[in-house]
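Residue numbers (the numbering used here): 2 to 139.
Report on the structure given below.
Pasting the structure below:
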């Protein structure tokens with residue numbers, strides 16, 4: 002039975018390699034939940050897991066011509082899901098670090114950004130803006 006499943010998956014990948022959209026939909030149904038669950042486990046985020054899952058299927062479709070060469074599809078799939086999750090988490094960490102740095106940076110001459118605004122008004126605006134940004138990030 003396992004031999005038949007491997008054969009079916011190999012056939013499915015071969016069909017996808019030639020652009021068969023029905024094969025892609027079948028592959029999606031077979032692997033969507035497992036990809037999402039693994040991404041959710043790695044990211045601890047439903048939103049990121051959904052984004053990763055979508056990105057994975059886009060990559061699969063874009064690289065469909067190479068799929069028939071893959072010998073262990075499950076291992077390959079797990080690897081690209083893991084790598085995509087780490088890429089998203091690294092990007093998120095960098096964005097948060099940049100936002101923190103921006104929020105902690107004091108502008109010496111506020112008129113550069115908004116001519117005519119007094120230092121006091123600019124400081125109040127800067128403080129309010131950093132609070133809003135922090136709320137959206139968290």
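C-beta atoms are modelled at their ideal positions from N, C-alpha and C, and glycine is treated no differently.
| query | result |
| --- | --- |
| Rounded C-alpha distance that separates residue 74 from residue 68 | 8 Å |
| Where residue 142 falls, given that 16 or more other Cβ within 10 Å makes a residue buried | In the structure displayed, the chain extends from 2 to 139; residue 142 sits before or after that span and is not available. |
| Check whether residue 36 and residue 57 have beta carbons under 9 Å apart | yes |
| Alpha-carbon spacing of residue 135 relative to residue 50, whole angstroms | Confidence is the limiting factor: at residue 135 the pLDDT is only 46, short of 50, which leaves the residue's position unreliable, though a coordinate-based value still follows. About 22 Å. |
| Between the CA atoms of residue 28 and residue 7 - distance to the nearest angstrom | With a pLDDT of 43 at residue 7, under the threshold of 50, the modelled position of this residue cannot be trusted; read the value that follows with caution. Using only the alpha carbons, I get a separation of about 13 Å. |
| Nonlocal neighbours in the same chain, by C-beta distance under 7 Å from residue 62, ignoring five residues either side | 25 |
| Where residue 39 falls, given that 16 or more other Cβ within 10 Å makes a residue buried | buried |
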